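Trainee: Chains as they are written, first to last, in the UniProt record's numbering: chain H, 1 to 152; chain E, 1 to 151.
(1) Would you give the residue range spanned by the alpha helix (DSSP H) that residue 32/H belongs to?
(2) With a cut-off of 8 Å on the beta carbons, I'd call residue 90/E and residue 124/E a contact; round off their distance for me.
(3) The beta strand (DSSP E) with residue 145/H in it runs from where to where?
(4) Using a Cβ-Cβ distance cut-off of 9 Å, determine whether residue 131/H contacts chain E.
(5) Evaluate the contact criterion for the segment 87–99 of chain H versus the segment 37–56 of chain H: three or more CB pairs, one atom per stretch, below 8 Å.
(6) Taking 9 Å as the CB-CB limit, is residue 130/E close to chain H?
(7) Mind checking if residue 8/E is an interface residue toward chain H, Cβ cutoff 9 Å exclusive?
(8) Could you tell me which whole beta strand (DSSP E) segments of length 3 or greater appear in the UniProt domain "HTH asnC-type" (2–63) of chain E?
(9) What are the boundary residues of the alpha helix (DSSP H) that includes residue 83/E?
(10) Got a sec: is the Cβ-Cβ distance from residue 73/H to anything in chain E below 9 Å?
(11) Taking 9 Å as the threshold (C-beta atoms), are residue 58/H and residue 120/E in contact?
(12) In angstroms with no decimal places, state the Cα-to-Cα distance between residue 59/E and residue 7/E.
(13) For residue 66/H, report the span of its beta strand (DSSP E) as first-last.
(14) Please compile the residues from chain E whose C-beta is within a distance smaller than 8 Å of the C-beta of residue 47/H.
(15) Using the rule of at least 16 other Cβ atoms within 10 Å of the residue's Cβ for burial, across every protein chain shown, is residue 102/E buried or exposed?
(16) Report yes or no: do three or more beta-carbon pairs, one from the segment 114–122 of chain H and one from the segment 55–75 of chain E, lie closer than 8 Å?
(17) Less than 8 Å between the CB atoms is what I'm expecting for residue 110/H and residue 94/E, so what's the real figure, rounded?
(18) In three-state DSSP terms, what is residue 118/H?
(19) Who are the near neighbours of residue 104/H in its chain, counting only those whose CB is closer than 7 Å to its CB and skipping five residues on each side?
(20) Residue 71/E and residue 143/E - do their beta-carbons sit closer together than 9 Å?
(21) Measuring alpha carbon to alpha carbon, tell me which residue in 120/H, 66/H, 127/H is nearest residue 99/E.
(22) Of all the CB atoms in chain H, is at least one closer than 9 Å to the CB of residue 121/E?
(23) Pop quiz: residue 109/E and residue 102/H are said to be a contact at Cβ under 8 Å. What is the actual Cβ separation, rounded to whole angstroms?
(24) Taking a cut of 8 Å between CB atoms, which residues from the segment 131–145 of chain E lie near chain H?
(25) Nearest to residue 107/H by CA position, among 90/H, 120/H, 55/H, is which residue?
(26) Just tell me which of 45/H, 10/H, 18/H, 49/H has its CA closest to the CA of residue 30/H.
(27) Looking at the strands, I want to know which residues DSSP matches up with residue 100/H.
(28) Run through DSSP, which three-state label would residue 124/E get?
Written out as structure tokens, the structure reads:
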């Protein structure tokens, strides 16, 4: 496990807002030298505390007006392997994320579509055709907030 | 409006947001100057909101992730606002989503281990206002998580 001090946490938090900020600009904000800031940023990436970067795009401006979360239960466990289901579902371009969960469902899918009729197309032609798919519950996303989490 | 060049740049950029400007321009088949100009324009118009670092909470010792699906008591007119306000004050909540559907909200909660989760659940989650029902779903694995758009 990676130990972080207060300065690391401030840097981590700043990078989750903007990962492209330069070490000198970030250092100035925190009262650190450019080389010291750069070394800390490197360490956050190299140690795996930061696992990558994500481009935050405005879905609406790009014509994707609808995001739906689908809870999917597999109907025929044992007949269809989880690997087969996961491979096929991950290949659907409109499926943004696939999580294996325990509880009410087997999988949670995040699906993006242009509008409700486009979503219907994805649901009927893609999701319902998946191997072994059983009950599907849909919840349409209205709002979403990502919080900084326990680093603040 | 975006043209094909913009979309091509975005496609490569969202696939690998850690690409340097020169590599991104080469992959998208445009000059670095064009690429930089297009990116600036898409940032100014708000199409690109940000390029954010993604934290690996597991690497920081948070082994448990739980999705809490919450139904609120809608006879309370301010239930949504008051619940969300209070949920924002819980540091272990990393995501708050609201829905139209069978559930009203989902909170994504992280914890160091199950004992820690129990403690958060009892002291910080069950005390949130206007909860009518909670279902907990435990994360086992993320199979796909790039959250890319089919551009």
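Positions of the beta carbon are idealized from the N, C-alpha and C atoms, including for glycine.
On a predicted model such as this, the values are computed, not experimentally measured, just so you know.
Mentor: Result, derived from the coordinates:
(1) Residue mapping note: residue 32/H aligns to position 32 of the first chain, counting from 1. Neither: residue 32/H is in no alpha helix (DSSP H) and is coded neither H nor E.
(2) To locate residue 90/E, count along the second chain from 1; it is residue 90. To locate residue 124/E, count along the second chain from 1; it is residue 124. So it is a contact: roughly 5 Å between Cβ atoms.
(3) The residue labelled residue 145/H in the question sits at position 145 within the first chain. Run containing residue 145/H: 133–146, per the beta strand (DSSP E) assignment.
(4) As a first step, residue 131/H must be located in the first chain, where it is residue number 131. It does not: the Cβ of residue 131/H has no partner Cβ on chain E nearer than 9 Å.
(5) No contact exists between the segment 87–99 of chain H and the segment 37–56 of chain H.
(6) On the second chain, residue 130/E is found 130 positions in, with the first residue counted as 1. No, no contact with chain H.
(7) Taking the first residue of the second chain as position 1, residue 8/E is located at position 8. So no, residue 8/E is outside the interface.
(8) Those beta strand (DSSP E) runs which fall completely within the UniProt domain "HTH asnC-type" (2–63) of chain E and span 3+ residues are 48–55.
(9) As a position in the second chain, residue 83/E is number 83, starting the count at 1. That run of the alpha helix (DSSP H) goes 79–88.
(10) Translated into the one-based positions of the first chain, residue 73/H becomes position 73. Judged by the 9 Å Cβ criterion, residue 73/H is not in contact with chain E.
(11) Reading the second chain from its first residue, position 120 is the one you call residue 120/E. Reading the first chain from its first residue, position 58 is the one you call residue 58/H. Cβ atoms of residue 120/E and residue 58/H: not closer than 9 Å.
(12) Here residue 59/E refers to the residue found at position 59 when the second chain is read from its first residue. Here residue 7/E refers to the residue found at position 7 when the second chain is read from its first residue. A straight line joining the alpha-carbon of residue 59/E with that of residue 7/E spans about 34 Å.
(13) By one-based count along the first chain, residue 66/H stands at place 66. Taken as a continuous stretch (DSSP letters only), the beta strand (DSSP E) holding residue 66/H covers 66–74.
(14) If you number the first chain from 1, residue 47/H lands on position 47. By Cβ distance, chain E contributes 59.
(15) Here residue 102/E refers to the residue found at position 102 when the second chain is read from its first residue. Counting the other Cβ atoms within 10 Å of the Cβ of residue 102/E gives fewer than 16, which makes it exposed.
(16) At 8 Å Cβ cutoff, the stretches do not touch.
(17) Start at 1 with the first residue of the first chain, and residue 110/H comes out as number 110. Start at 1 with the first residue of the second chain, and residue 94/E comes out as number 94. Contact between residue 110/H and residue 94/E is ruled out by a C-beta separation of about 15 Å, above the 8 Å threshold.
(18) Position 118 of the first chain, counted from the start, is the residue given in the question as residue 118/H. Reduced to three states, the DSSP call for residue 118/H is helix.
(19) Mapped onto the first chain, residue 104/H falls at position 104. Taken in chain order, the residues that qualify are 71.
(20) Stepping through the second chain from its first residue, residue 143/E is reached at position 143. Stepping through the second chain from its first residue, residue 71/E is reached at position 71. Against a cut-off of 9 Å, the Cβ pair of residue 71/E and residue 143/E comes out as no contact.
(21) Here the question's residue 99/E lines up with position 99 in the second chain. Closest option to residue 99/E, Cα to Cα, is 66/H.
(22) Numbered from its first residue, the second chain carries residue 121/E at position 121. For residue 121/E, the answer is no, since every Cβ of chain H falls outside 9 Å of its Cβ.
(23) For the purposes of this step, residue 109/E is taken as residue 109 along the second chain, with counting starting at 1. For the purposes of this step, residue 102/H is taken as residue 102 along the first chain, with counting starting at 1. Going by Cβ atoms, the distance from residue 109/E to residue 102/H rounds to 15 Å, so no, they are not a contact pair.
(24) Those residues of the segment 131–145 of chain E that come within reach of chain H (Cβ to Cβ, closer than 8 Å) are 135, 136, 137, 138, 139, 140, 141, 142, 143, 144, 145.
(25) Numbered from its first residue, the first chain carries residue 107/H at position 107. Selected option, being the one with the closest Cα: 90/H.
(26) In the first chain, residue 30/H corresponds to position 30, counting from 1. Considering only alpha carbons, the answer is 10/H.
(27) Along the first chain, one-based indexing puts residue 100/H at 100. DSSP output for residue 100/H lists 107/H, 141/E as bridge partner(s).
(28) One-based indexing of the second chain puts residue 124/E at position 124. In the structure shown, residue 124/E sits in a helix (DSSP, three-state: H, G or I).
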